[in-house]
Amino acid sequence: MKNLLNYQTSEYDCGPVSILNGIRYLFDREEIYPDIVKFIMLYCMDTYNEHGELCKRGTSAAAVHYMSNWLNHFSETRNFPIHCDYIKEDEVVIAPGSKIWTALENGGAVVLRLSLECWHYVLLTGIDGEDRILLFDPYYEEIDDPELDDEYKTEEIEFLHHMPKRANRSISVCRMNRTAIDYYQMGEFSDREALIMYRTRPECRKHTTEPVSI
Numbered sequence: 015m016k017n018l019l020n021y022q023t024s025e026y027d028c029g030p031v032s033i034l035n036g037i038r039y040l041f042d043r044e045e046i047y048p049d050i051v052k053f054i055m056l057y058c059m060d061t062y063n064e065h066g067e068l069c070k071r072g073t074s075a076a077a078v079h080y081m082s083n084w085l086n087h088f089s090e091t092r093n094f095p096i097h098c099d100y101i102k103e104d105e106v107v108i109a110p111g112s113k114i115w116t117a118l119e120n121g122g123a124v125v126l127r128l129s130l131e132c133w134h135y136v137l138l139t140g141i142d143g144e145d146r147i148l149l150f151d152p153y154y155e156e157i158d159d160p161e162l163d164d165e166y167k168t169e170e171i172e173f174l175h176h177m178p179k180r181a182n183r184s185i186s187v188c189r190m191n192r193t194a195i196d197y198y199q200m201g202e203f204s205d206r207e208a209l210i211m212y213r214t215r216p217e218c219r220k221h222t223t224e225p226v227s228i
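Rendered as structure tokens:
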């Protein structure tokens with residue numbers, strides 16, 4: 015059985031929650047090793063804020079890159095059918111033929127860093143028509159909240175409620191690709207990073223990253 019996707023517990027754990035949501039999206043609950051959950055939480059939230067407080071600047075790009083390598087090694091040693099690719103800078107675009115677009119077309123999931131007042135991780139799970147992306151934002155918001163930020167009130171951002179195992183937002187591709195840092199925009203290329211996650215065919219796992227549609 016597939017799990018519902020999770021929301022973050024604090025202001026800082028969007029990184030590990032989004033990586034875990036990628037695992038939840040790609041695999042049934044019964045397939046997921048508990049040590050995957052343990053080590054994702056252990057290795058993320060690795061930063062310090064300006065007051066020297068651990069975890070309070072969230073998860074670094076280095077930690078996400080490390081998790082890509084860790085999950086690939088776990089795949090090889092534990093026969094767990096996953097393959098990850100860490101990409102950054104000008105590779106991180108959302109357009110037909112791009113690495114992210116190809117992953118979503120082929121049943122993969124993508125942990126993406128973008129702006130939501132500060133740098134924030136979400137999970138991309140699909141393409142919505144020709145010009146929108148389905149994603150799960152782990153930062154819980156309610157559309158009818160009178161204190162909801164005005165930045166959400168645009169046709170480029172749509173709240174979804176009918177697919178809790180896949181997505182809670184549909185976002186305009188044009189908006190996401192902008193180099194500004196308004197809500198759900200990726201910013202300058204120098205700031206961009208993404209973790210692409212595929213479920214692979216177990217019989218060819220060590221030789222190819224051929225994805226499986228789900």
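Count the sequence shown with the working numbering and you get residues 15 to 228, in order. Yeah, the Cβ is synthetic: ideal placement off N, Cα and C, and Gly gets one too.
Among T168, A208 and R146, which one has its Cα closest to the Cα of L128?
-> A208
With distances taken between CB atoms, is the gap from M190 to M200 smaller than 7 angstroms?
-> yes
List the endpoints of the continuous alpha helix (DSSP H) containing A75.
-> A75 to R92
Curious, which full-length beta strand (DSSP E) runs of at least 3 residues does the region 115 to 176 contain?
-> 123 to 130, 132 to 142, 146 to 150 and 171 to 173
Should the region 51 to 61 be regarded as contacting the region 24 to 33, the criterion being three or more beta carbon pairs within less than 8 angstroms?
-> yes
Please report the residue range of the beta strand (DSSP E) in which R189 lies.
-> Premise fails: R189 lies in the alpha helix (DSSP H), V187 to N191, not in any beta strand (DSSP E).
Looking at the structure shown, is T223 part of a helix, part of a strand, or coil, going by DSSP?
-> With a pLDDT of 48 at T223, under the threshold of 50, the predicted position of this residue should be treated as unreliable, though the coordinate-derived value follows. Of the three classes helix, strand and coil, the one that applies to T223 here is coil, per DSSP.
Through-space distance from T91 to Y154, alpha-carbon basis | 36 angstroms
Would L18 be called buried (16 or more neighbouring beta carbons within 10 Å of its own) or exposed?
-> exposed
Any idea what DSSP makes of C98, helix, strand or coil?
-> strand
If we count Cβ pairs, one from each stretch, closer than 8 angstroms, do we get three or more for the region 103 to 118 versus the region 133 to 143?
-> yes
Use the C-beta contact count for Y47: other C-beta atoms within 10 angstroms, 16 or more gives buried, fewer gives exposed.
-> exposed
According to the neighbour-count rule (16 or more other Cβ atoms, all chains shown, within 10 Å of its Cβ), is H97 buried or exposed?
-> buried
Cα-Cα, which of I185, H65, R71 and E165 is closest to D196?
-> E165
Straight-line Cα distance separating A181 from L174 | 7 angstroms
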